[in-house]
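Numbering (our numbering), first residue to last: 172 to 655.
Listed below in structure tokens is the structure:
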């Protein structure tokens, strides 16, 4: 198996209870040994307390004896998000740290129209799913065993040549940690390659009939390896997420589409919009809308601190960074603009007016739960937003806030929020030109002004109206009703 990301563990002696246990060794010749143990140890993962439980959810004990700490494998695996299997016949425990996508079935239905697979899955059903993902030329599953499905997944997601290079010795090395391997050499090679790339899990029985849960995870893994899934940096809880955010930001710069930029300027000149965002489709995160918020900002330090804030609150989310060029009218009373840089430039438009082009980002967050998504607004209001009550007369914070806190932060959902008081429906007036889009926002009843300008100035383009549920502070900015 390939090396996976590790996490920091610590064990503390919460209550020192000395006891004598008879512990049977799992071997052909049963040996019993009396041990004096210290019981009641506490478990902490990444600094946070974890209560270890068994498969039924019952709390299990951690103890130390003869200088060794004993942790139940299933409880430890659950704490680290790993999968565990047990082979009673051969006295083996299998642990696999390849991530499991709990929303795989939701994702396959949302983006590919694949209905949830349950029970025993036939080759016909799995092959139909493969076609929906990889097209009519998809390599089909030949047989009814899991190994046959793995072989089809390997060939469809771009690992065929990799599997072909596996010698008998290499196959043996890669599959030594699994209970059973298929008899067919071609399938065995594919299983070995699938294990080494985390397309497959080491706890699966590859000789068994294909079942719905395994088929779903296998297909989702194939989607990801083929580049057809989510486009994101990692999870907020990943230790290296901050480095990844900085690395992504370092690659961002202003980009342009001449036709859309002219149209955007026309919108500003006509007074239909005060500004817009220019984006490139290749950066789309492809997250599940039900769990996702889009958060816009221009300060990477703010993004770093926001992710750290989520971690401190025990909220996890998948994190994507989409660059955008934010274009808005630059007012002469703001003074002489700074010299242009790769991420900032002021350009003149007709009538003695100016547009500012600035590199910003939309951070997409796909939360683990809808409840975590709903909690986000409260966190921003408390830690990352300026109010009259936490600033002085010059707008400087008088209470601790995240770096780069705004009066009117911007975050949106494409599906309704339960908190209807703090989120309001607006429209994203999306105009496409090839892979580029502009995004002027408007209230629901003000889309006509934008559509009129598009029809007059760029009749070959059209406006796609997208529902956005926006936080109250930005809605106040959009409607010019309040500064906070």
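Backbone N, C-alpha and C define an ideal beta-carbon position, used for all residues, glycine too.
Inset, instruction - Please report how far the alpha carbon of residue 352 lies from the alpha carbon of residue 478, in whole angstroms. - result: 42 Å
Inset, instruction - Can you check DSSP and say which residues form a bridge with residue 498? - result: 447, 528
Inset, instruction - Please state if the CB of residue 551 and the CB of residue 617 are separated by a distance shorter than 9 Å. - result: no
Inset, instruction - Would you mind working out which of 578, 579, 594 sits nearest residue 585, comparing C-alpha positions? - result: 594
Legend entry - DSSP beta-bridge partners of residue 235: 209, 240
Inset, instruction - Express the C-alpha separation of residue 362 and residue 196 in angstroms, rounding to a whole number. - result: Only weak support is given to the placement of residue 196: the predicted model assigns it a pLDDT of 46, under 50, and the value that follows is read from those uncertain coordinates. If I take the Cα positions, the gap works out to 32 Å.
Inset, instruction - Evaluate the contact criterion for the segment 435 to 450 versus the segment 607 to 614: three or more CB pairs, one atom per stretch, below 8 Å. - result: yes
Legend entry - Candidates 501, 581, 488: closest to residue 273 by CA position: 488
Legend entry - For residue 303 and residue 288, the rounded distance between their alpha carbons: 14 Å
Inset, instruction - Answer with buried or exposed for residue 670, where buried requires no fewer than 16 other C-beta atoms within 10 angstroms of its C-beta. - result: In the structure as shown, the chain begins at 172 and stops at 655. Residue 670 is therefore absent and cannot be evaluated.
Legend entry - Between the CA atoms of residue 533 and residue 543 - distance to the nearest angstrom: 19 Å
Legend entry - Extent of the continuous beta strand (DSSP E) run through residue 557: First-last for residue 557: undefined, no H or E at that position.
Legend entry - Bounding residues of the alpha helix (DSSP H) (the contiguous stretch that carries residue 482): 471 to 483
Legend entry - C-alpha distance - residue 466 paired with residue 347, whole-angstrom precision: 45 Å
Legend entry - Selected residue, minimal CA-CA separation from residue 291, among 301, 276, 316: 316
Legend entry - Cβ of residue 338 within 9 Å of any chain D Cβ: The chain inventory of the structure shown lacks chain D, comprising one protein chain alone.
Legend entry - Nearest-angstrom Cα separation, counted from residue 372 out to residue 384: 12 Å
Inset, instruction - Can you give me the Cβ contacts of residue 360 inside the same chain, cut-off strictly under 8 Å, excluding the 5 residues immediately before and after it? - result: 334, 335, 337, 342
Legend entry - Alpha-carbon to alpha-carbon, residue 624 and residue 433: 11 Å
Inset, instruction - Tell me, please, whether the segment 566 to 579 touches the segment 619 to 635 by the rule of three or more beta-carbon pairs shorter than 8 Å. - result: no
Inset, instruction - Would you grab the beta carbon distance between residue 637 and residue 599 for me? Rounded to a whole angstrom, and I think it's under 8 Å. - result: 4 Å
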